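Respectively, the protein sequence lines represent chains A and B. Here the numbering used here is used: the first residue of the first sequence is 380, the next is one more, and so on. Here the numbering used here is used: the first residue of the second sequence is 87, the next is one more, and so on. Even glycine gets a Cβ: it sits at the ideal position worked out from N, Cα and C. In this text the structure is predicted, and so the values were computed from the model without any measurement. To keep things clear, I will list the structure first and then write my remarks on it.
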Amino acid sequence: MEETRQVQGTWDLSTFKFRIEGEGINNMLKEMKEAKLLGNRCHQCGTVYLPANFYCRKCHIAIHEPAEISDHGEVMSYTVGYADVRGNPLDEPRVSLMVKLDGSDTWIMGAGEEMKPEDVHIGMRVKIKWAEHRVGNLQDMESFIPE
Amino acid sequence: MRNVAIIGIGYTPVFVSKRRDVCIPEMISEAVENAFQNSGLTPADIEAVIFGNMQTFEGVNLPHLWAADYIASLGKPVMRVATGGTTGMSAFHAAYYHIASGLHDVVMVVTYEKHSEGDAQVGLMGIITPEIMAMLAAGIDVTGQKGMGAIGGGSAGGISYQASSYLHHSGAGIEHIDAVAAMERRNAAKNPYAHLKDPEATAEKIAQTPLISWPIRFGHVCPTTDGATVCILASEEKAAKLADKAAWVWAVANCASDATTGNLIEGIITDPGEQRPATIAAKQAYERAGIEDPRKEIDYVEIYNGFAHQTLMFLERIGMCEVGEAHKLLEKGELEMSGRLPVNASGGVVSTNAIGTSALNRVTECALQIMGQAGEHQVEKEVHKALAHGWGGLMQYVTITILADKPKKL
Ligand SMILES: [Zn+2]
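Here is the structure:
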């Protein structure tokens, strides 16, 4: 049987320009230097977005009401990674959490540290561990650790 | 709206990891020819063609156009549909609308995926690119550095949160995910068009496969498959002339939610396990089909389960049982081919996943069950009404189709 031909290639994500919700991301990043989180509240329905949407996805209206978000929150779901995206086993299992921070109606995801995989559970309280030297990017939030 | 029937189904002779012996259009043409053979129709009977496959996966552009001669579409209206995992059913819905509206009488749906020609993992990452928060949510590392953005992995990583949430809210355990995966691999062994078949599969065997991302293990994950599926639809008038047997479309519905929060609509549990679009689309489909109690009226269900827990989770989300009940039905054997509510007798997506075909195969498998043509994987009970479910997008788009053995009273 003759082999079909396969062309190997990669997609370079850096060739994409990400602009969507740029203002919201930028406001958040600026505040993160001070270890603070800034979202945006819809004046009509009260939904709080983090990062800040400047458009309420429920009401379909423009919104501009800054909302301070706590760096403490609750685990909504979690997983423990045993392999990387290509299926290679990891040396150490890696805890990842989906967290709803207090004051926000959306969730963010991040690494769980200082916790054993078997101790993690939905409803668990956690807080953000901030990087010591913050520069205003997403890496300023290092991980979630137990509250 | 007019009644619409399925009057022809065609598959490639096999669904396997690598079809090295054919190129993409050659592979598609096998399913087209098979549909013509099975139905006795000819290309002259087809008025329009709807074409579906996952965008970007094979790295080729406009496959619906350069395969035109292979899909019997020369000189005819052609439309391509791509909605991620639900592509096959969205293409089916488009064909339904063409006929129900009165525009055409006979329309052919052609769907395929030839994963071996591309890198599906790259494609799965591709769906993340438009929105930075979606990147965070799905855990794609955009910077190559450590930090909050670098979590979760690709599709399996993202889906683990869903499975984890499902277990928490339903009371089911990872052993139930093992058991449902085993059931479907055994079912797949009876389906000539399935990919991963294991007549001896048991929960214990599945439980021995390595954990990828808790609670998802290797044995819970769909394969990447090469294959094509074709479905021919007709108006009631044409179906009477052209077909001995038909399966009738009683309802189609679909619903999307928000990619980043998963479930902002009616915000109940804002995590990907809630899957409000499934509940909303199913409710609309039941209304359109005049179904008051789906648990009594639906005889057979095909769930789009790229990952094994989804069989149980979506049965609950579409109202076929209460939340927390699906794994109990599984324990009682009710979901088996011999059971009260047989599900995925085909082996499901977890056994065969040529993505463009996967959601259409849910529909065609329901049609085969209704027409009594499923062969070795025909369920024991009579199937008068069946429900096909499709799932995809980032994690937030659902399609539903309800079929029956008789035309709907209009
Ligand atoms: Zn609002």
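Can residue i and residue j be called in contact, C-beta distance under 8 angstroms?
i: B:F393; j: B:A249; result: yes
i: B:G461; j: B:T197; result: no
i: B:S299; j: B:R88; result: no
i: B:A431; j: B:V465; result: yes
i: B:E144; j: B:E203; result: yes
i: A:D519; j: A:A510; result: yes
i: B:I302; j: B:A268; result: no
i: B:V409; j: B:H255; result: yes
i: A:I524; j: A:K495; result: no
i: B:L328; j: B:I95; result: no
i: B:Y252; j: B:G359; result: yes
i: B:C317; j: B:T450; result: yes
i: B:R448; j: B:C407; result: no
i: B:V108; j: B:I185; result: no
i: B:G433; j: B:A274; result: yes
i: A:L480; j: A:L416; result: yes
Sort the options by Cα distance to residue i and report the nearest one.
i: B:T487; options: B:I110, B:I157 and B:F178; result: B:F178
i: A:E413; options: A:N516, A:K479, A:I524 and A:M503; result: A:N516
i: B:A332; options: B:R88, B:L489 and B:P99; result: B:L489
i: A:V478; options: A:V427, A:D484, A:N405 and A:M455; result: A:M455
i: B:I456; options: B:E468, B:H463, B:N447 and B:R448; result: B:E468
i: B:D284; options: B:R272, B:I157 and B:V108; result: B:R272
i: A:L429; options: A:M407, A:M411, A:Q423 and A:K437; result: A:M407
i: B:A435; options: B:P363, B:G410 and B:A474; result: A quick correction: the sequence has Val, not Ala, at residue 435 of chain B. Ranking the options by Cα distance to B:V435, first place goes to B:A474.
i: B:V164; options: B:I136, B:I185, B:M140 and B:V146; result: B:I136
i: B:P296; options: A:M411, A:G460 and A:T485; result: A:G460
i: A:A446; options: A:H439, A:P468 and A:C421; result: A:C421
i: B:I110; options: B:D385, B:A289 and B:T315; result: B:T315
i: A:H500; options: A:E453, A:I442 and A:P472; result: A:E453
i: B:D205; options: B:K162, B:S424, B:A367 and B:T311; result: B:T311
i: B:M399; options: B:E422, B:I92 and B:G259; result: B:G259
i: B:L422; options: B:D379, B:K276 and B:D330; result: Just to set this straight, residue 422 of chain B is Glu in the shown sequence, not Leu. Checked all of B:D379, B:K276 and B:D330; the closest Cα to B:E422 is B:K276.
Tell me the rounded alpha-carbon separation between residue i and residue j.
i: B:I377; j: B:L189; result: 27 angstroms
i: B:S159; j: B:M194; result: 9 angstroms
i: B:E59; j: B:W336; result: Lying before the first or after the last residue shown, residue 59 of chain B is absent from chain B, which here runs from 87 to 496.
i: B:H395; j: A:H512; result: 42 angstroms
i: B:N340; j: B:A412; result: 23 angstroms
i: A:R504; j: A:H451; result: 7 angstroms
i: B:A445; j: A:V514; result: 45 angstroms
i: B:H281; j: B:V118; result: 20 angstroms
i: B:L427; j: A:Y457; result: 31 angstroms
i: B:K319; j: B:I114; result: First, the residue type needs correcting, since residue 319 of chain B is Leu and not Lys in the sequence shown. C-alpha separation (whole angstroms): 18 angstroms.
i: B:L191; j: B:E133; result: Just to set this straight, residue 191 of chain B is Asp in the shown sequence, not Leu. If you take the alpha carbons of B:D191 and B:E133, they lie about 7 angstroms apart.
i: B:T98; j: B:A440; result: 11 angstroms
i: B:S437; j: B:V100; result: 13 angstroms
i: B:E417; j: B:G478; result: 28 angstroms
i: B:G405; j: B:L148; result: 38 angstroms
i: A:A431; j: B:A180; result: 36 angstroms
i: A:K437; j: B:E388; result: 32 angstroms
i: B:V102; j: B:Y279; result: 9 angstroms
i: B:K495; j: B:A325; result: 16 angstroms
i: A:E400; j: A:E492; result: With a pLDDT of 47 at A:E400, under the threshold of 50, the modelled position of this residue cannot be trusted, and the question is left open.
i: B:G171; j: A:C424; result: 32 angstroms
i: A:P468; j: B:D155; result: 46 angstroms
i: A:E521; j: A:G489; result: 8 angstroms
i: A:G403; j: A:T485; result: 14 angstroms
i: A:H439; j: B:D344; result: 13 angstroms
i: B:K471; j: B:K492; result: 9 angstroms
i: A:V474; j: A:E526; result: 16 angstroms
i: B:P363; j: B:T169; result: 15 angstroms
i: B:L415; j: B:D379; result: 18 angstroms
i: A:A462; j: A:I487; result: 21 angstroms
Considering only DSSP beta bridges, list what residue i is partnered with.
i: A:Y605; result: Nothing about residue 605 of chain A can be reported from this structure: the residues present for chain A run from 380 to 526 only.
i: A:G452; result: A:L480 and A:V505
i: B:T315; result: B:Y97 and B:T197
i: B:I486; result: B:A339 and B:H475
i: B:V167; result: B:G138
i: B:F393; result: B:V307
i: A:S475; result: A:T458 and A:A490
i: A:P445; result: A:N419
Please check if any C-beta of chain D sits within less than 8 angstroms of the C-beta of residue i.
i: B:P296; result: Protein chains in the displayed structure are A and B, and chain D is not among them.
Residues of chain A with a CB under 7 angstroms from the CB of residue i: which are they?
i: B:H254; result: I501
i: B:S250; result: S456, Y457 and T458
State yes or no: is the C-beta of residue i nearer than 7 angstroms to some heavy atom of ligand 3?
i: A:K437; result: This structure lacks ligand 3; the ligands present are ligand 1.
Could you list which residues in chain B have their beta carbon closer than 7 angstroms to that of residue i, in chain order?
i: A:M477; result: Y247 and D357
What residues of chain B sit near residue i, judged by a beta carbon separation below 9 angstroms?
i: A:S414; result: Residue identity check: residue 414 of chain A is Ala in the sequence provided, not Ser. What A:A414 touches in chain B: nothing, since even the nearest Cβ is about 13 angstroms away.
i: A:A431; result: Correct list: empty, because the minimum Cβ distance to chain B is about 10 angstroms.
In chain A, which residues lie with their C-beta within 9 angstroms of the C-beta of residue i?
i: B:W477; result: Here the premise fails: no neighbours, minimum Cβ distance about 17 angstroms.
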